[in-house]
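Everything below concerns the one structure shown next.
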Amino acid sequence: MKIFKKLGWLLLVAFILFNTGVILFGKTYFYTAIAKTYLSGQSGPGIYDLKKFDSRTIPSRQHKSWKKASDYNTKAIGKPGEDYLNSLGTKAFLVVRNGELFHEQYFDEHTDTTVSNSFSMAKSIVAMLTQIAHQEGYIASLQDPVNKYLKEFNKPGCEKVTLEHLMSMTSGLTWTESSGNPFSDNAEAYYGTDLTKLVEKMTPETTPGKEFEYKSGNTALLALALERAIGMPLSEYAALKLWQPLAAEHDAYWSLDHDGGTEKAYCCWYATATDFARLGQLMLQEGHFNGKQLLDSSFVAEARTAAPVKVKDGGENSRYSSRSFWLVQHKGKHYYYLRGILGQYIIILPEENAIAVRLGKKREEVNEDGHPLDVYRYIDLAKELLH
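Anchor point for the sequence shown: position 267 equals 1536 in the working numbering, and the numbering is continuous, going up by one each time.
And the structure:
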């Protein structure tokens, strides 16, 4: 009995110390994180987290469905491919060819009307919106310093950080990027209630424009500058300039840090698989969609070109563009794609005039070239269906 009594006291002391530390260090988002993960049966962020957070609606207007190819869903993925998709908790796998829906497949409870989390695919969306703002004259140049639009970011050393540095992940600013560390900036950004305050803490660490280092804070900061430049909530601008011109079938949603607050723009755009596909189709069509040039073709060219910088190990960057898109080479072919932490992908396959969308709950480990191993498999599966 004495052992259990001592154990009880130790647990009580640990509990008191933990809560004291949480309050003293301003980490009260821990409580939110615990409530929205472990107490709801999750170990971390999930693809169906929309209702757990405040959000803004990105309304669609012209509900235009994809035209289905004459051979729509006539070719099935073989058993090895099906087993692989299921092993990683895949919820949707789509292929669009020649602007027509060619293959459409959903798993478990996920359907064609289910919205799920983009996670970091949203970074590419923010880059698109920044380009549109540049085309409309809200932003004079993507080489403009961030503090031209965000006066609060007028700290020593920050005057050299440009919008393009943020898009290319070469800002050299401080940010702890981690999906598993509860003390990381990512955790506070996802579960906290003041993303602006968190982002404004970023300070110079290395010279901007020299080295690629993936940090979600870069996109969060870019979004704050963009919102200040356009003078309206980011979700409203996204609806007017992107979602509605893309004739999305369904409303999308962007999670906020609190009610009426700031979009978690580095992630957390929720949409259906078929509507996510429209973003890939826009890029495949050189920024042209439904009779309109939404993105300048020069943006698309930059999106599929590696930013001319080094990576952490000192090698040349070949994995990331200056427009927030990932670049991958597979079997002698080049592809570019949008990517989220749990295996959210929109992959553009230019030579096939096709795109592939994969949504799900898990992905494989990242290789030395900076790409999750499963992205190669999805390229292969898409090409097997197409040929």
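Beta carbons are placed, not taken as given, at the ideal position from N, Cα and C, and that holds for glycine.
Just so you know, these numbers come straight off a predicted model, no measurement behind them.
Item to check | Tyr-1539, DSSP secondary structure in three states | outcome: Of the three classes helix, strand and coil, the one that applies to Tyr-1539 here is strand, per DSSP.
Checklist entry - Of the choices Thr-1443, Asp-1463, Met-1501, whose alpha-carbon is the least far from that of Phe-1481? => result Answer by Cα proximity: Thr-1443.
Checklist entry - Quick one: Cα of Pro-1328 to Cα of Ala-1517, how far? => result Near 9 Å, if we compare the C-alpha coordinates of Ala-1517 and Pro-1328.
Next on the checklist: Buried or exposed for Asp-1638, going by 16 or more other Cβ atoms inside 10 Å?
Outcome noted: Classification of Asp-1638: exposed, given that the 10 Å Cβ count is below 16.
Checklist entry - In the DSSP assignment, what residue or residues form a beta bridge with Gly-1386? => result The sequence shown places Asn at residue 1386, rather than the Gly named in the question. Partner(s): Tyr-1539.
Item to check | Enclosing alpha helix (DSSP H) for Leu-1563 [first to last residue] | outcome: Note, Leu-1563: premise wrong, no alpha helix (DSSP H); not H, not E.
Checklist entry - Under the three-state reduction of DSSP, which class applies to Leu-1511: helix, strand or coil? => result Note: Leu-1511 maps to helix in three-state DSSP.
Next on the checklist: In whole angstroms, give me the CA-to-CA distance for Lys-1321 and Tyr-1604.
Outcome noted: Looking at the two C-alpha atoms, the distance is approximately 35 Å.
Next on the checklist: Assuming the contact rule is C-beta atoms closer than 8 Å, Asp-1463 and Asp-1528 should be a hit. Round their C-beta distance to whole Å, please.
Outcome noted: 13 Å between Cβ atoms; not a contact.
Item to check | Delimiting residues of the beta strand (DSSP E) encompassing Val-1597 | outcome: Residues 1595 to 1599.
Item to check | Alpha-carbon to alpha-carbon, Glu-1433 and Leu-1467 | outcome: Just so you know, the alpha carbons of Leu-1467 and Glu-1433 end up roughly 21 Å apart.
Next on the checklist: Between Met-1390, Glu-1620, Leu-1596, which has its C-alpha nearest Leu-1548's C-alpha?
Outcome noted: If we check each option's Cα against that of Leu-1548, Met-1390 comes out closest.
Checklist entry - The beta strand (DSSP E) spanning Leu-1467 covers which residue range? => result Judged by DSSP secondary structure, Leu-1467 falls outside any beta strand (DSSP E) and instead within the alpha helix (DSSP H) spanning 1464 to 1468.
Next on the checklist: Classify Phe-1452: buried if its beta carbon has 16 or more other beta carbons within 10 angstroms, exposed otherwise.
Outcome noted: Here Phe-1452 is exposed, its C-beta having fewer than 16 other C-beta atoms within 10 Å.
Item to check | Limits of the beta strand (DSSP E) - the one that Glu-1369 falls within | outcome: Annotation for Glu-1369: the continuous beta strand (DSSP E) segment containing it runs 1369 to 1375.
Item to check | Residue environment, Leu-1411, which counts as buried when at least 16 other CB atoms sit within 10 Å | outcome: By the neighbour-count criterion, in which a residue is buried when 16 or more other Cβ atoms sit within 10 angstroms of its Cβ, Leu-1411 is buried.
Item to check | Ala-1492 vs Leu-1503 beta-carbon contact at 8 Å | outcome: The Cβ atoms of Ala-1492 and Leu-1503 sit closer than 8 Å to each other.
Checklist entry - Out of curiosity, what's the CA-to-CA distance linking Leu-1618 and Leu-1553? => result Distance between the alpha carbons of Leu-1618 and Leu-1553: 8 Å.
Checklist entry - If you check the beta carbons only, do Glu-1532 and Arg-1325 fall under 8 Å apart? => result Going by beta carbons, Glu-1532 and Arg-1325 fall inside the 8 Å limit.
Checklist entry - Which one or two residues does DSSP pair with Ala-1521 in a beta bridge? => result Paired residue(s): Ile-1327.
Next on the checklist: Quick check: what's the CA-CA separation for Met-1501 versus Thr-1343?
Outcome noted: Take the alpha-carbon of Met-1501 and the one of Thr-1343: they are about 45 Å apart.
Item to check | Selection from Tyr-1307, Gln-1311, Ser-1309, Ile-1316 that minimises the alpha carbon distance to Ser-1524 | outcome: Taking Ser-1524 as reference, the option from Tyr-1307, Gln-1311, Ser-1309, Ile-1316 with the minimal CA-CA separation is Ile-1316.
Item to check | Bounding residues of the alpha helix (DSSP H) (the contiguous stretch that carries Lys-1652) | outcome: Unbroken alpha helix (DSSP H) run through Lys-1652: 1642 to 1655.
Next on the checklist: For Ala-1458 and Tyr-1522, which I take to be in contact (beta-carbon distance under 8 Å), what is that distance rounded to the nearest angstrom?
Outcome noted: By a beta-carbon distance limit of 8 Å, Ala-1458 does not contact Tyr-1522. Their separation comes to about 17 Å.
Checklist entry - How should Asn-1386 be labelled, buried or exposed, when 16 other C-beta atoms within 10 angstroms of its C-beta is the threshold for buried? => result The residue is buried, with at least 16 neighbouring Cβ atoms inside 10 Å.
Checklist entry - Which residues bound the alpha helix (DSSP H) around Ser-1499? => result Here the sequence assigns Ile to residue 1499, which means Ser is not the residue at that position. Where Ile-1499 is concerned, the enclosing alpha helix (DSSP H) starts and stops at 1485 to 1499.
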